[in-house]
Amino acid sequence: MMRPLFALLLCSLLSPALFAAEPLATVLQPTTLRAEPFADAAPLATLKAKQQVRVVQRKGGWYQVRSGQQRGWLRMSHLRLGDGATAPKGDSGVAQTLRFLGTGRSGADGVTVATGIRGLDAADMANAKPDHRALQRLDRYQAQPEQARQFAASARLKSQPLGYFEAE
Amino acid sequence: MNRLRITALLLLPILLVGCQQGEVLDKLTRNMNLGDTLKSAQQAFGEVGPGEEEAIGREAVAVLLGAVPLLDNDPLQRYVNQVGGWVALHTERKELRWRFGVLDSEDINAFAAPGGYIFITKGLLRRMQSEAELAGALAHETVHVLKRHHLAAVQQAARVNLASSLIATQVREGDRASMEKFSAGFKELYARGLDKADEFEADRMGVVIATRAGYDPYGLPAVLQTLAGMNPNDASLAFLFKTHPPASQRLSLLERLFDQLDPYAAQPPLSKRFQQQLARLK
Numbered sequence: 022m023m024r025p026l027f028a029l030l031l032c033s034l035l036s037p038a039l040f041a042a043e044p045l046a047t048v049l050q051p052t053t054l055r056a057e058p059f060a061d062a063a064p065l066a067t068l069k070a071k072q073q074v075r076v077v078q079r080k081g082g083w084y085q086v087r088s089g090q091q092r093g094w095l096r097m098s099h100l101r102l103g104d105g106a107t108a109p110k111g112d113s114g115v116a117q118t119l120r121f122l123g124t125g126r127s128g129a130d131g132v133t134v135a136t137g138i139r140g141l142d143a144a145d146m147a148n149a150k151p152d153h154r155a156l157q158r159l160d161r162y163q164a165q166p167e168q169a170r171q172f173a174a175s176a177r178l179k180s181q182p183l184g185y186f187e188a189e
Numbered sequence: 024m025n026r027l028r029i030t031a032l033l034l035l036p037i038l039l040v041g042c043q044q045g046e047v048l049d050k051l052t053r054n055m056n057l058g059d060t061l062k063s064a065q066q067a068f069g070e071v072g073p074g075e076e077e078a079i080g081r082e083a084v085a086v087l088l089g090a091v092p093l094l095d096n097d098p099l100q101r102y103v104n105q106v107g108g109w110v111a112l113h114t115e116r117k118e119l120r121w122r123f124g125v126l127d128s129e130d131i132n133a134f135a136a137p138g139g140y141i142f143i144t145k146g147l148l149r150r151m152q153s154e155a156e157l158a159g160a161l162a163h164e165t166v167h168v169l170k171r172h173h174l175a176a177v178q179q180a181a182r183v184n185l186a187s188s189l190i191a192t193q194v195r196e197g198d199r200a201s202m203e204k205f206s207a208g209f210k211e212l213y214a215r216g217l218d219k220a221d222e223f224e225a226d227r228m229g230v231v232i233a234t235r236a237g238y239d240p241y242g243l244p245a246v247l248q249t250l251a252g253m254n255p256n257d258a259s260l261a262f263l264f265k266t267h268p269p270a271s272q273r274l275s276l277l278e279r280l281f282d283q284l285d286p287y288a289a290q291p292p293l294s295k296r297f298q299q300q301l302a303r304l305k
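Going down the list, the sequences are from chains A and B. Numbers given in my numbering equal positions in the first sequence, counted from 1, plus 21. Numbers given in my numbering equal positions in the second sequence, counted from 1, plus 23.
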């Protein structure tokens, strides 16, 4: 059996996006696994709450998941990515991989270690000197409405009239 | 410290000010004497015109870019501006000069500033799978501009009429001590983020805007799924989680809209075009 760390590293090297490596997810409530991403598609199995699955892909509001040998579709709202429904215990795969690449050590000892990438914080902003040249660069990137329309048309994006939903 | 710098420091928190500023500002204004500045301030800021909004946003953005540089990747910057520009055409403020920027940071975050400035970090881009996810996140940020959340947050506490007048008022030598106290207080506000209700509103309206633009409506929910699945102790998430409600809570609120979004579920996510652009990120 492949060692988990090695597998993780391999996945990260082979896939263009780190997240493409079938992330772990947890079922939130008892739910029916279906053959297709539709509410009336054929039922394949019933999944239990807290059961762990692997996410293969998303289509609209549905996730295709792998549970053992079985593949099927679940409503997005019946699932949370991660190994726990609300508070994932381990680091995300991305953080693990980045940390490994940064330090050569895995975090598999169960101790939560910071990724080594120091995050942005309010102090960074407070100590910043305004950069007006960067602002001018930003202005140059602006897409004119006509450019944006052509860009959308090239991917056959079509505007849809839709009103905002009422707040509850 | 020159005048520009002081102004910038004061404006900075307008990016992301929080919900308890009333109390903080009470303390601040009680403890200092701003003299003429305060008087003129009370007349200002009642209505922020488009020109002022742009000026306020621009100063805030100059500081943001001083802290986090723009990513040096013109094609990717133009791509994000095209996605964002198209999304913005489906808002109620099409006439704004919407500008979008990718920040060169592995942190996971997105920002908005008055006037139509939107930023996303390359760290957040890396965790997205499709153009619909990008469109959803940008649409969320446009709502902060549409609804003037930052300006409203500042105005909510009446005495912050100050902020706008300080832009226009000459900061004299004698005011310096007060100014520094004031900006220190603002930094504290800045760290809190916008009101939770503003974030939920931006989610609720953001999914509609992205859907209007023709994208798979589940882009923003998918981004929130990714965030909810990450370790909250991840350093790259610290600032986001400090300034936003938990992703799982935001997702639960959005899930109530799923039945209304389903008729549009077949709209394209544009994963391929997005992945091709993302390959430019090394």
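The C-beta atom is built at its ideal place from N, Cα and C for all residues, glycine as well. In this text the structure is predicted, and so the values were computed from the model without any measurement.
Query: Go to B:F123, then tell me how far its beta strand (DSSP E) extends in each direction, as first and last residue.; Result: R122 to L126
Query: On a Cα-Cα basis, can you pick out the residue from B:D95, B:S259, B:P291 and B:P73 that is closest to A:A155?; Result: B:D95
Query: Alpha carbon to alpha carbon, what distance is there between B:F134 and B:P255?; Result: 19 Å
Query: Since B:Q300 is in the alpha helix (DSSP H), which residue starts that stretch and which ends it?; Result: S294 to L301
Query: Any beta carbon from chain A within less than 7 Å of B:D282's own beta carbon?; Result: no
Query: Out of curiosity, what's the CA-to-CA distance linking A:P44 and B:G74?; Result: 47 Å
Query: A:R101 versus chain B: which residues are under 9 Å apart at the beta carbon?; Result: Q248, A251, G252, S271 and L274
Query: State whether the segment 140 to 160 of chain B contacts the segment 267 to 280 of chain B, with contact taken as three or more CB pairs (one from each stretch) at a distance under 8 Å.; Result: no
Query: Taking the CB atoms as reference points, tell me whether B:T234 and A:L183 lie closer together than 7 Å.; Result: yes
Query: Going by the DSSP bridge assignment, what does A:Q78 pair with across the sheet?; Result: A:Q85
Query: So if DSSP puts A:L100 in a beta bridge, which residue, or which two residues, is it bridged to?; Result: A:V48
Query: Of all the residues that make up the segment 49 to 63 of chain A, which are near chain B by a beta-carbon distance shorter than 7 Å?; Result: none
Query: Hey, out of B:E129, B:V103, B:Q248 and B:A288, whose CA is closest to B:A162's CA?; Result: B:V103
Query: For chain A, is any of its Cβ atoms less than 7 Å away from the one on B:F262?; Result: yes
Query: Is the beta carbon of B:W121 sitting closer than 7 Å to the one on A:A169?; Result: no
Query: Rounded to whole angstroms, what is the Cα-Cα separation between A:W83 and B:D97?; Result: 35 Å
Query: Is the Cβ of A:G125 closer than 7 Å to any Cβ of chain B?; Result: Annotation note: pLDDT 29 at A:G125 (below 50); position unreliable, coordinate value reported separately. No, no contact with chain B.
Query: Let me know if B:Q300 comes out buried or exposed under the rule of 16 or more other beta-carbons within 10 Å of its beta-carbon.; Result: buried
Query: What residues of chain B sit near A:S98, judged by a beta carbon separation below 7 Å?; Result: E278 and F281
Query: From what residue to what residue does the alpha helix (DSSP H) around B:P98 run?; Result: D97 to A111
Query: Using three-state DSSP, classify B:E82 as helix, strand or coil.; Result: helix
Query: For A:K179, decide whether its Cβ has a neighbour in chain B, counting only Cβ atoms nearer than 7 Å.; Result: yes
Query: Straight-line CA distance for B:K295 to B:P92?; Result: 28 Å
Query: By how many angstroms is the C-alpha of A:E167 removed from the C-alpha of A:K69?; Result: 50 Å
Query: Using beta-carbon positions only, say whether A:P64 and B:G89 come within less than 7 Å of one another.; Result: no
Query: Taking CB distances under 7 Å as the criterion, tell me whether A:G93 reaches chain B.; Result: no
Query: I want to verify the contact list: residues of chain B whose CB lies under 8 Å from the CB of A:G81, in sequence order.; Result: D239, P240, Y241, D285, A288 and A289
Query: Find the residues of chain A that neighbour B:L112, judging by a C-beta separation of less than 7 Å, and give them in chain order.; Result: P166 and A169
Query: In chain order, what residues of the same chain lie with their CB nearer than 8 Å to the CB of A:P51, ignoring the 5 residues before and after it?; Result: T67, L68, K69 and A70
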